[in-house]
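Listed below in structure tokens is the structure:
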């Protein structure tokens, strides 16, 4: 497997001839059609060396093991998507199940998705959140759930749900809690983890990224890495969105920021064999000039390629950030700047996971197309199943 950067004028069939690989194989791995016009600067995964011989088999047998978690938004085609991607996933995080102030769990588990997950031996874990449709992640709602008066009712409802559907565990994605709830949140996670473990279940906790502990910081302050690390089974650290919809335009997951967050976690009581590093399958498209009211839109990798073709723009790769970008001017004369993820940027993150000995990675979200990343993970690692 190699990563090929497309030069101006190159075609899929020409690249296939250089590597001695069928054009159809390159197209499939990268989610392209065989006749698709390539974009200058796009990075393609080239499936070189897929034929299994004795030497390659020895290499494959020595690949490091990894766990993968894919977050999924339910929808009409979700079950088929699980069947397609599920073989490359250890866990499927079904997003989301909001919780009420008194600890009741809202939402219904889609039986078709559960059936599909079981067919591909992927552990479905419901994602429980303090998310309110009208306002997003609510600190007030989060406080109500974690305080002692409602905590036991919530835990009881969690255990009942897991037993009803014979699930392996849950994911907690509580965000934007008030910093003063830091100790209360840790107590909540400790009690929840203990009761789940007593019932043979697992707990994955989503954590905001940081490289210093500032307890009163908004968004990340209430996460006490050192106290939470020993309590949870997996720490899913959201190592992305430094470039955010509100701007300014910048890399969404620069590799050095990711590295700093992981180093901080490892130095603060979260062992490598518990960490799942976050990887996004999308990017952001900002209209310039950037203003507070001018929010970016989410774009997938194929959408970036389409924009580059339409406006004759070249994709650039920032070696420092370890991410690609695209600048173009649309038909209305408005300039745009995009930062996103591609094959090379994901490859660098997989290399970082290897270097630091992480338990694995997670993908937000698998509804967005990125076939190359699943090819890479299964050829660089052995994906574990429970």
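In the numbering used here, the protein residues as written are 284 to 669. All C-beta atoms in this analysis are idealised placements derived from N, C-alpha and C, irrespective of residue type, glycine included.
ask   = Would you call the region 312 to 323 and the region 587 to 598 touching, i.e. three or more CB-CB distances under 8 angstroms?
value = Contact between the region 312 to 323 and the region 587 to 598 is present, because at least three Cβ pairs lie under 8 angstroms.
task = Measure the C-alpha to C-alpha separation of residue 400 and residue 618 and round it to an integer number of angstroms.
result = Residue 400 sits at position 117 when you count from the first residue of the chain shown. Residue 618 sits at position 335 when you count from the first residue of the chain shown. In a straight line, the C-alpha of residue 400 is about 43 angstroms away from that of residue 618.
Whole-angstrom distance between residue 624 and residue 356, CA atom to CA atom = Taking the chain shown and counting its residues from 1, one reaches residue 356 at position 73. Taking the chain shown and counting its residues from 1, one reaches residue 624 at position 341. Near 20 angstroms, if we compare the C-alpha coordinates of residue 624 and residue 356.
query = Are there three or more Cβ pairs, one per stretch, closer than 8 angstroms when the region 472 to 485 is compared with the region 442 to 457?
reply = yes
ask   = Any idea which residues DSSP pairs residue 617 with across the strands?
value = By 1-based counting over the chain shown, the position of residue 617 is 334. Beta-bridge partners assigned by DSSP to residue 617: none are found.
query = Do you know offhand how far residue 667's Cα is from residue 577's?
reply = Position 384 of the chain shown, counting from 1, holds the residue named residue 667. Position 294 of the chain shown, counting from 1, holds the residue named residue 577. Approximately 42 angstroms between the Cα atoms of the pair.
message = For a test of the three-state rule: what should DSSP assign to residue 414, helix, strand or coil?
response = As a working mapping, residue 414 is identified with position 131 in the chain shown. If DSSP states are grouped into helix, strand and coil, residue 414 belongs with the strands.
query = By Cβ distance, which residues of its chain are closer than 7 angstroms to residue 348, with the 5 residues on each side in sequence left out?
reply = Taking the first residue of the chain shown as position 1, residue 348 is located at position 65. Here the set comprises 664, 665, 667.
ask   = Is there contact between the region 532 to 552 and the region 623 to 642, where contact requires at least three CB pairs shorter than 8 angstroms?
value = yes
task = Less than 8 angstroms between the CB atoms is what I'm expecting for residue 377 and residue 331, so what's the real figure, rounded?
result = Residue 377 sits at position 94 when you count from the first residue of the chain shown. Residue 331 sits at position 48 when you count from the first residue of the chain shown. Not a contact, Cβ separation roughly 36 angstroms.
inquiry  = Which complete alpha helix (DSSP H) runs does the region 493 to 573 hold, if anything under 4 residues is left out?
reply    = 508 to 511, 538 to 550
task = Would you please state the rounded distance, in angstroms, between the beta carbons of residue 541 and residue 566? I believe it to be under 8 angstroms.
result = Position 258 of the chain shown, counting from 1, holds the residue named residue 541. Position 283 of the chain shown, counting from 1, holds the residue named residue 566. Contact flag wrong, Cβ pair sits at about 15 angstroms.
query = Under the three-state reduction of DSSP, which class applies to residue 649: helix, strand or coil?
reply = For this step, residue 649 is matched to residue 366 along the chain shown. Coil at residue 649, not helix or strand.
task = May I ask whether a heavy atom of the ligand MN can be found less than 7 angstroms away from the beta carbon of residue 362?
result = The ligand MN is absent from the structure shown, which contains no ligands of any kind.
key: Reduced DSSP category for residue 406 - H, G, I as helix; E, B as strand; rest coil   = Translated into the one-based positions of the chain shown, residue 406 becomes position 123. Strand, per DSSP.
ask   = Residues in its own chain within less than 8 angstroms of residue 554 by CB, not counting five upstream and five downstream?
value = By one-based count along the chain shown, residue 554 stands at place 271. If we look at residue 554 and ignore the five residues flanking it on each side, its Cβ neighbours are 512.
message = According to DSSP, is residue 288 part of a helix, a strand, or is it coil?
response = If you number the chain shown from 1, residue 288 lands on position 5. Strand.
ask   = For residue 322, which of helix, strand or coil comes out of DSSP?
value = On the chain shown, residue 322 is found 39 positions in, with the first residue counted as 1. Here residue 322 sits in coil by DSSP.
Touching by the beta-carbon criterion (3+ pairs, under 8 angstroms), the region 356 to 369 and the region 499 to 511 = no
ask   = With which residues is residue 250 paired in a DSSP beta bridge?
value = Because the chain spans 284 through 669 in this model, residue 250 falls outside it and cannot be assessed.
ask   = Is residue 294 helix, strand or coil by DSSP?
value = Translated into positions along the chain shown, residue 294 becomes position 11. It is coil, neither helix nor strand.
request  = Within the same chain, show all residues whose beta-carbon is closer than 7 angstroms to that of residue 312, passing over the 5 residues directly before and after it, in chain order.
outcome  = Indexing the chain shown from 1 puts residue 312 at position 29. The residues are 328, 330, 654, 655, 658.
inquiry  = I need the straight-line Cα distance from residue 602 to residue 620, nearest angstrom please.
reply    = Here the question's residue 602 lines up with position 319 in the chain shown. Here the question's residue 620 lines up with position 337 in the chain shown. If I take the Cα positions, the gap works out to 17 angstroms.
key: Endpoints, beta strand (DSSP E) assigned at residue 381   = Position 98 of the chain shown, counted from the start, is the residue given in the question as residue 381. Unbroken beta strand (DSSP E) run through residue 381: 374 to 381.
Sequence-distant residues of its chain with Cβ nearer than 8 angstroms to residue 307 (five each side left out) = As a position in the chain shown, residue 307 is number 24, starting the count at 1. Excluding sequence neighbours, residue 307 sits near 317.
message = With distance defined between alpha-carbon atoms, name the residue in 599, 571, 598 nearest to residue 733.
response = Here the chain comprises residues numbered 284 to 669, so residue 733 is not present and cannot be evaluated.
task = Let me know the secondary structure DSSP gives residue 466 once reduced to three states.
result = Residue mapping note: residue 466 aligns to position 183 of the chain shown, counting from 1. Residue 466: helix per DSSP, three-state reduction.
request  = Would you decide whether residue 289 is buried or exposed? Buried here means 16 or more other CB atoms lie within 10 Å of its CB.
outcome  = As a position in the chain shown, residue 289 is number 6, starting the count at 1. That one is buried.
inquiry  = Considering only their Cβ atoms, is the gap separating residue 557 from residue 518 smaller than 8 angstroms?
reply    = Walking along the chain shown from the start, residue 518 turns up at place 235. Walking along the chain shown from the start, residue 557 turns up at place 274. In this structure, residue 557 lies closer than 8 angstroms to residue 518 by Cβ.
task = Ignoring anything shorter than 4 residues or poking outside the region 422 to 460, list the alpha helix (DSSP H) runs there in chain order.
result = 422 to 429, 431 to 448
task = Check the C-beta distance from residue 406 over to residue 366 and give it rounded, since I have them as a contact under 8 angstroms.
result = Within the chain shown, the letter at position 123 stands for residue 406. Within the chain shown, the letter at position 83 stands for residue 366. Actually they are not in contact, since the Cβ atoms of residue 406 and residue 366 sit about 15 angstroms apart, beyond 8 angstroms.
task = Would you mind sorting residue 453 into buried or exposed? The rule is 16 or more other CB atoms within 10 Å of its CB.
result = In the chain shown, residue 453 corresponds to position 170, counting from 1. Buried is the label assigned to residue 453, since at least 16 other Cβ atoms lie within 10 Å of its Cβ.
query = So, using beta-carbon positions, are residue 428 and residue 437 closer together than 8 angstroms?
reply = Taking the first residue of the chain shown as 1, we reach residue 428 at position 145. Taking the first residue of the chain shown as 1, we reach residue 437 at position 154. Taking 8 angstroms as the Cβ cut-off, residue 428 and residue 437 qualify as a contacting pair.
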